[in-house]
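Engineer: In terms of numbering that gives the first Met the number 0, the numbers along the sequence shown are unbroken and rise by one, the last being 214.
Yeah, the Cβ is synthetic: ideal placement off N, Cα and C, and Gly gets one too.
Sharing a structure here in structure tokens format.
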Amino acid sequence: MYVDAESDQPIRVLIVDDHPLVRRGLTALLNAAAGIEVVGAASDGEEAVAFAVEDHPDIVLMDVSMPGMNGIEAVRRLLRAVPDTRVVMLTSFSQRDVVIESFDSGAVGFLLKDAEPNELINGIRAAARGDAPVSPRAARELLQDRTQRRPLDELTQRERDVLTLVGRGMANKQIAWRLGISEKTVKAHLGSVFDRLGVDDRTQAALWAQKHGLV
């Protein structure tokens, strides 16, 4: 749910963290910031989902590590119930898998608890505008993941199947019969494979498959 920067309505925030001191501190900080109102605080994922369904906050600040339902699973469930809500993870962890899982679950931002107060406040305002606030450390993890990811990781399982059969020298008609799909679908998958691998034709794709052990 985007909040118009010109609107007189405050950005309504739900805080989710299992530590009472963190909840109280964040509540005091954010309520003192212009244009932000903390409308609730939850101590775990289940509470957060129930509150969001009832009160529809604009922004949810979500911790990752909590007893019971963790923050990442809570994001998935919350966004299924209230898809317009924007979730920003606020945690102590910046490990790559945590950052990636958070964004895969539907979070729009990732901030760290050791951030300066203004960074957190500006991050909430950015998320409310429709932007994606990300701490520098989390951004580095995302960039490193992107640069280290192999082209094969970008393919769907069906695209891998098609590529493997191309590497074995099969024609489109044979691939379609083997996989139980149409030739048109095979061609569509091949187009996607060519783009993701950076090759120009099926000969290059077949050589790539053989070189990388798919055949």
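In the DSSP assignment, find the alpha helix (DSSP H) that holds residue 74 and state where it starts and stops.
Structural biologist: The sequence position of residue 74 within the sequence shown is 75, counting from 1. Counted as a single uninterrupted DSSP element, the alpha helix (DSSP H) harbouring residue 74 occupies residues 70-80.
Engineer: What residue from 151, 167, 206 and 62 has the CA that sits closest to residue 19's CA?
Structural biologist: The residue given as residue 19 occupies position 20 in the sequence shown. Here the closest residue by C-alpha is 62.
Engineer: Among 14, 45 and 41, which has the Cα closest to the Cα of residue 245?
Structural biologist: This structure cannot speak to residue 245, because the chain is shown only from 0 to 214.
Engineer: Run the CB neighbour count on residue 39, radius 10 Å, all protein chains shown included, and call it buried at 16 or more, exposed below.
Structural biologist: Position 40 of the sequence shown, counting from 1, holds the residue named residue 39. So residue 39 counts as buried.
Engineer: May I ask which residues mark the beginning and end of the beta strand (DSSP E) holding residue 120?
Structural biologist: Position 121 of the sequence shown, counted from the start, is the residue given in the question as residue 120. Counting along the chain, residue 120 falls outside any beta strand (DSSP E), though it belongs to the alpha helix (DSSP H) covering 116-128.
Engineer: Please classify residue 201: does DSSP put it in a helix, a strand, or coil?
Structural biologist: Residue numbering aside, residue 201 sits at position 202 when the sequence shown is read from its first letter. Residue 201: helix per DSSP, three-state reduction.
Engineer: Which residues does DSSP pair with residue 40 in a beta bridge?
Structural biologist: Along the sequence shown, one-based indexing puts residue 40 at 41. Looking at the DSSP output, residue 40 bridges to 14.
Engineer: Kindly indicate which residue of 154, 183, 188 and 88 has the alpha-carbon position closest to the one of residue 107.
Structural biologist: For the purposes of this step, residue 107 is taken as the residue at position 108 of the sequence shown. Cα-wise, what sits closest to residue 107 is 88.
Engineer: Considering only their Cβ atoms, is the gap separating residue 162 from residue 154 smaller than 8 Å?
Structural biologist: As a position in the sequence shown, residue 154 is number 155, starting the count at 1. As a position in the sequence shown, residue 162 is number 163, starting the count at 1. Yes, Cβ-Cβ distance for residue 154 and residue 162 is below 8 Å.
Engineer: Does the separation of the CB atoms of residue 201 and residue 189 fall below 8 Å?
Structural biologist: Within the sequence shown, residue 201 is the residue found at index 202, counting from 1. Within the sequence shown, residue 189 is the residue found at index 190, counting from 1. Contact: yes.
Engineer: Could you check where the alpha helix (DSSP H) with residue 21 kicks off and where it finishes?
Structural biologist: Translated into positions along the sequence shown, residue 21 becomes position 22. Per DSSP, the continuous alpha helix (DSSP H) segment holding residue 21 begins and ends at 19-30.
Engineer: For residue 90, collect the residues of the same chain with a Cβ closer than 6 Å to its Cβ; drop the 5 residues on either side in sequence, then sort them by chain order.
Structural biologist: Position 91 of the sequence shown holds residue 90. Counting only Cβ-Cβ distances below 6 Å, and skipping sequence neighbours, we find 62 and 63.
Engineer: How many Å lie between residue 166 and residue 92 at the Cα?
Structural biologist: Taking the first residue of the sequence shown as position 1, residue 166 is located at position 167. Taking the first residue of the sequence shown as position 1, residue 92 is located at position 93. Rounded to whole angstroms, residue 166 and residue 92 show a C-alpha spacing of 42 Å.
Engineer: Comparing alpha-carbon positions, which option in 86, 60, 84 and 48 lies nearest residue 76?
Structural biologist: Here residue 76 refers to the residue found at position 77 of the sequence shown. When only C-alpha atoms are compared, the closest one is 48.
Engineer: Please report how far the alpha carbon of residue 146 lies from the alpha carbon of residue 55, in whole angstroms.
Structural biologist: Taking the first residue of the sequence shown as 1, we reach residue 146 at position 147. Taking the first residue of the sequence shown as 1, we reach residue 55 at position 56. In this prediction, residue 146 has a pLDDT of 49, which is less than 50 and means its spatial position is unreliable; what the coordinates show is noted afterwards. Those two C-alpha atoms are separated by around 37 Å.
Engineer: How many angstroms separate the CA atom of residue 110 from the CA atom of residue 121?
Structural biologist: Here residue 110 corresponds to residue number 111 of the sequence shown, with the count starting at 1. Here residue 121 corresponds to residue number 122 of the sequence shown, with the count starting at 1. Taking the straight line from one Cα to the other gives about 11 Å.
Engineer: Since I believe residue 125 is in contact with residue 116 (beta carbons under 8 Å), could you give me their beta-carbon distance rounded to a whole number of angstroms?
Structural biologist: In the sequence shown, counting from the first residue as 1, residue 116 sits at position 117. In the sequence shown, counting from the first residue as 1, residue 125 sits at position 126. About 15 Å; that fails the 8 Å criterion.
Engineer: What did DSSP end up calling residue 167 once you bin it into helix, strand or coil?
Structural biologist: The residue given as residue 167 occupies position 168 in the sequence shown. Coil, per DSSP.
Engineer: Is residue 170 closer than 8 Å to residue 58 when the C-beta atoms are compared?
Structural biologist: As a working mapping, residue 58 is identified with position 59 in the sequence shown. As a working mapping, residue 170 is identified with position 171 in the sequence shown. No.
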